[in-house]
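**Student:**
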Amino acid sequence: MLVVDKGNEQYNNEFFYPWEAKRTSISYYRIQIRAMHQDKCVGAIVCKLDIHKKMARRGYIAMLAVDENYRKLQIGSSLVKKAIRAMVRGECDEVVLETEITNKPALRLYENLGFLRDKRLFRYYLNGVDALRLKLWLR
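So the sequence shown is numbered by UniProt numbering: it starts at 1 and just counts up by one.
So this is what it looks like as structure tokens:
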């Protein structure tokens with residue numbers, strides 16, 4: 001079981017079970033991609049695509065996690081690229097996410113994939129750490 005616990009957020013396999021989604025006339029869908037090694041989930045990404053400010057189709061990366069023992073193998077990058085491809089198929093205009101300002105590996109991963117720093121969110125996480133909103137423009 002993949003468990004992520006960074007003090008401010010915790011996810012386990014139950015996080016991946018379907019949740020109720022607000023349905024509107026606009027298409028909404030979620031993307032869940034897992035990286036498996038044999039029968040073990042070693043990485044996962046959870047995203048959604050929705051309309052932002054009644055104009056742009058926005059993809060949102062809610063969570064990316066890779067098992068500590070499987071890091072530095074490009075699993076995180078691969079999961080993000082697959083999610084972006086799914087968002088492009090969904091005619092997404094942009095992709096956004098938040099990450100801790102202190103999470104240098106995450107910032108490096110996303111910036112290497114073309115994400116830009118869009119906004120600082122003060123005391124965003126429960127542990128009081130600031131976040132950076134990152135954005136990737138697709139159109």
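Even glycine gets a Cβ: it sits at the ideal position worked out from N, Cα and C.
Bear in mind that the values here come from a model prediction, so they are computed numbers and not experimental data.
Which word fits F115, buried or exposed, when buried means at least 16 other C-beta atoms lie within 10 angstroms of its C-beta?
**Tutor:** When all chains shown are included, F115 counts as buried.
**Student:** Just grab the DSSP bridge partners of K119 for me.
**Tutor:** According to DSSP, K119 bridges with R133.
**Student:** Kindly list the residues whose CB is nearer than 6 Å to the CB of I45, restricted to its own chain and excluding five residues on each side of it in sequence; keep chain order.
**Tutor:** Closer than 6 Å at Cβ, skipping near neighbours: I33, L64, L79 and A83.
**Student:** Have a look at the DSSP bridge pairing and note the partners of L109.
**Tutor:** Answer is none; L109 lacks a bridge partner.
**Student:** If we ignore side chains and look at the alpha-carbon of each, how far apart do I75 and A35 end up?
**Tutor:** So the alpha carbons of these two residues sit roughly 7 Å apart.
**Student:** Taking the beta carbon of G128 as the centre, do at least 16 other beta carbons fall within 10 Å, making it buried, or is it exposed?
**Tutor:** The residue in question, G128, is exposed, as its Cβ has fewer than 16 Cβ neighbours within 10 Å.
**Student:** State the CB to CB distance for the pair L121 and D130, rounded to an integer number of angstroms; the pair is presumed to be in contact (CB under 8 Å).
**Tutor:** With 8 Å as the limit, L121 and D130 qualify as a contact, their Cβ atoms being about 6 Å apart.
**Student:** What is the DSSP secondary structure of K48, counted as helix, strand or coil?
**Tutor:** Strand at K48.
**Student:** Sort R108, K54, A62 and K72 by Cα distance to R30 and report the nearest one.
**Tutor:** Cα-wise, what sits closest to R30 is A62.
**Student:** Grab the span of the alpha helix (DSSP H) containing M87 for me, first residue to last.
**Tutor:** Looking at the DSSP string, the run of the alpha helix (DSSP H) that includes M87 is I75 to R89.
**Student:** Would G59 pass as a contact of E111 if the rule is Cβ separation under 8 Å?
**Tutor:** In this structure, E111 does not lie closer than 8 Å to G59 by Cβ.
**Student:** Can you grab the Cα-Cα spacing for the pair K104 / I51, in whole Å?
**Tutor:** Distance between the alpha carbons of K104 and I51: 29 Å.
**Student:** Counting only the same chain and skipping the five closest in sequence on each side, list residues whose C-beta sits under 6 Å from that of G43.
**Tutor:** If we look at G43 and ignore the five residues flanking it on each side, its Cβ neighbours are A35, V66, I75 and L79.
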